[in-house]
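So the number in my numbering is just where the residue sits in the sequence shown, counting from 1, plus 54. Scroll down for the structure; my scribbles are underneath it.
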Amino acid sequence: MNSYDVVIVGAGTAGLILARELGKSNRKVLLLERKKDLLEFSFNTLGSFINLDEFGLTHNVVAQDINTISFHSKRMKRKIKSKLYILDKKQLHIEILESINNEFVTIKTDVNIKNIETDIDGNYTAVTDQNKNKYIGKIFVDASGTKGVISKTVGLTSKNPDLATGLEYNVKYLGDPGEMHLLVGKVYEGGYGWIFPLKNERAIIGFGTFDKNIVKDLKNRLHEILETPLIKKLVVKDNDKVEGASIPITPVLSKFIINNLVCVGDSVSQVNPIVGEGYKFIFEAALMAAKAIDKALQNDSLQFLSEYEMNWKKRFLLNYQRSKRTQGRFMKYSKADFLMDYILFISKFIPDKRCIKSLSGEYGLENK
Ligand SMILES: Cc1cc2nc3c(=O)[nH]c(=O)nc-3n(C[C@H](O)[C@H](O)[C@H](O)COP(=O)(O)OP(=O)(O)OC[C@H]3O[C@@H](n4cnc5c(N)ncnc54)[C@H](O)[C@@H]3O)c2cc1C
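Written out as structure tokens, the structure is:
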């Protein structure tokens with residue numbers, strides 16, 4: 055039976071970047087994915103403040119360049135000048151896949167990991183799939199996203215976390231292609247709506263909420279939103295293909311490692327709490343994890359894995375805790391149109407740069 059330096063469960067955002075980085079340092083990696091097709095997704099576009107160069111990505115992954123974010127509440131509009139991207143998820147994953155070193159990284163699809171095995175010292179020895187096949191490695195990574203197939207089993211995250219869920223339609227777009235829209239107020243209760251412009255006069259319109267009661271009726275709520283006067287001016291629904299998915303909402307976590315098991319991404323809730331931006335933050339976490347794993351393998355000592363947790367805490371913990379508090383306040387205020395109108399009115403006196411800090415969750419705080 056083959057044995058690997060690193061066995062990664064899940065070939066999503068986190069798993070792919072980890073595999074790419076570890077492949078670069080010639081680590082023997084096995085990447086296991088339950089889907090048959092790596093490029094099949096339940097939604098296809100992402101809004102992101104990402105710096106593409108930082109992650110070795112080209113502009114080909116961009117579906118649209120954005121220069122303005124417009125916030126809309128019932129009676130107010132606040133425009134903010136800012137550069138960000140609408141990313142084409144498929145193109146992004148193709149680009150990462152093309153940059154993976156196939157000599158060292160093996161990808162297996164249609165492998166649904168069910169379990170992780172330990173030895174008597176509590177070290178993890180193998181993961182097993184739906185057909186009881188075993189995959190053996192020195193270090194294991196849970197990058198299985200919301201499923202958290204291992205992180206939940208070992209107790210790093212709750213078995214039944216609350217979920218934020220979003221639904222989207224790809225629609226005809228009548229607005230400015232460089233202007234992205236974020237929509238708040240009573241009709242978007244417990245969350246917010248978005249319009250992501252794409253090329254060729256198309257856009258994605260979506261609504262996501264943290265409120266369990268609204269999630270049950272999400273599709274009807276999205277249809278109601280499509281009938282509001284503001285949205286009717288901006289988009290025309292011309293098909294019924296609905297896309298969407300969920301992300302876990304947990305308290306901000308900061309423990310991602312047990313012995314030779316490392317967890318990255320949504321499996322340990324590393325999506326930024328404020329707007330649910332995951333890619334940029336999870337890429338960064340995956341780079342940190344890859345560095346620590348490489349060092350642990352190089353020195354044949356698991357203690358180096360803790361550098362990943364330490365660096366993550368330093369970079370993200372205080373920013374995430376602040377975003378989490380903002381998320382809580384936002385959920386409360388989102389129930390009342392007059393409060394959202396008031397917040398947008400007040401925000402006109404706040405410089406664009408400060409508004410972007412709150413929106414992106416990048417407050418520049420550092421945990422010493
Ligand atoms: C509706 C919605 C909208 C979003 N919008 C944005 C956005 O605009 N911008 C942004 O940056 N982020 C956005 N996010 C967040 C972002 O998509 C996630 O945070 C990010 O994809 C998480 O990456 P991950 O690698 O942890 O998980 P995923 O990308 O979900 O990857 C997990 C992988 O593991 C596989 N897997 C699961 N279980 C198993 C198993 N048992 N065995 C083997 N493989 C398994 C899955 O099939 C999947 O391929 C959004 C999320 C949702 C739900």
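Virtual Cβ for every residue (Gly too), placed ideally from N, Cα, C.
Where R256 is concerned, the enclosing beta strand (DSSP E) starts and stops at R256 to T263.
In the three-state DSSP reduction, M234 falls in the strand class (E or B). Look at G66 here: in three-state DSSP terms it is coil, with no helix or strand label.
With respect to the 8 angstroms criterion, N326 and S377 are classified as neighbours on the basis of their beta carbons.
Contact annotation: Q375 and V306 have beta-carbon atoms nearer than 8 angstroms. Of F370, G64, F403 and A257, the smallest CA-CA separation from V195 is found for G64. Under DSSP, the beta-bridge partners assigned to P251 are A257.
Here I167 really is in contact with V203; their C-beta atoms are around 5 angstroms apart, less than 8 angstroms. Here E361 has A346 as same chain residues with Cβ atoms under 6 angstroms from its own Cβ, once five neighbours each way along the sequence are excluded. At a Cβ-Cβ threshold of 8 angstroms, K367 and F358 do not count as neighbours. P283 sits in a helix when the DSSP states are folded into three classes.
A contact between stretches requires three or more CB pairs, one per stretch, nearer than 8 angstroms, and the stretch 100 to 119 fails this requirement with the stretch 177 to 189.
In the three-state reduction of the DSSP assignment, G199 falls in the helix class.
The residues L84, in chain order, have a CB closer than 6 angstroms to that of T160 in the same chain once the five nearest residues on each side in sequence are set aside.
Contact annotation, H126 with L284: C-beta distance approximately 6 angstroms; criterion of less than 8 angstroms satisfied. Relative to R88, the option among V296, D183, G319 and A390 whose CA is nearest is D183. Pairing A343 with R379, the inter-Cα distance amounts to about 26 angstroms. Here D175 is exposed, its C-beta having fewer than 16 other C-beta atoms within 10 Å. L237 places its beta carbon 8 angstroms or farther from that of G298. Here I148 has no same chain residue with a Cβ atom under 6 angstroms from its own Cβ, once five neighbours each way along the sequence are excluded. Rounded to whole angstroms, the gap between the alpha carbons of E75 and R275 is 42 angstroms.
Of the candidates Y58, K287, A68 and N177, the residue whose Cα lies closest to the Cα of S198 is A68. Following the DSSP letters along the chain, one finds E222 inside the beta strand (DSSP E) bounded by residues D216 to Y227. CA-CA distance, V115 to F158, rounds to 25 angstroms. DSSP places G191 within a strand segment (E or B) once states are collapsed to three. A direct Cα-Cα distance of roughly 32 angstroms separates V165 from V329. Relative to ligand 1, L76 has its C-beta separated by 7 angstroms or more from all heavy atoms. Looking at the DSSP output, V289 bridges to Y227.
For E338, the enclosing alpha helix (DSSP H) begins and ends at Y333 to Q352.
Residues of the same chain with a CB within less than 8 angstroms of the CB of F264, apart from the 5 flanking positions on each side, are D216, A218, G244, G245, I303, Q381 and M385 in chain order. Spatial neighbours of S308 in its own chain (CB-CB distance under 8 angstroms, excluding positions within 5 residues in sequence) are listed in chain order as E363, W366, K367 and L371. DSSP links F125 through a beta bridge to R132 and L236. K378 has its CB no nearer than 7 angstroms to any heavy atom of ligand 1. If only uninterrupted alpha helix (DSSP H) runs of at least 4 residues are considered, those enclosed by the stretch 66 to 118 are 67 to 78.
Proximity to F335 across V290, E416 and K213 peaks at E416, based on C-alpha coordinates. By the Cβ neighbour-count rule, L288 is buried, with 16 or more other Cβ atoms within 10 Å of its own.
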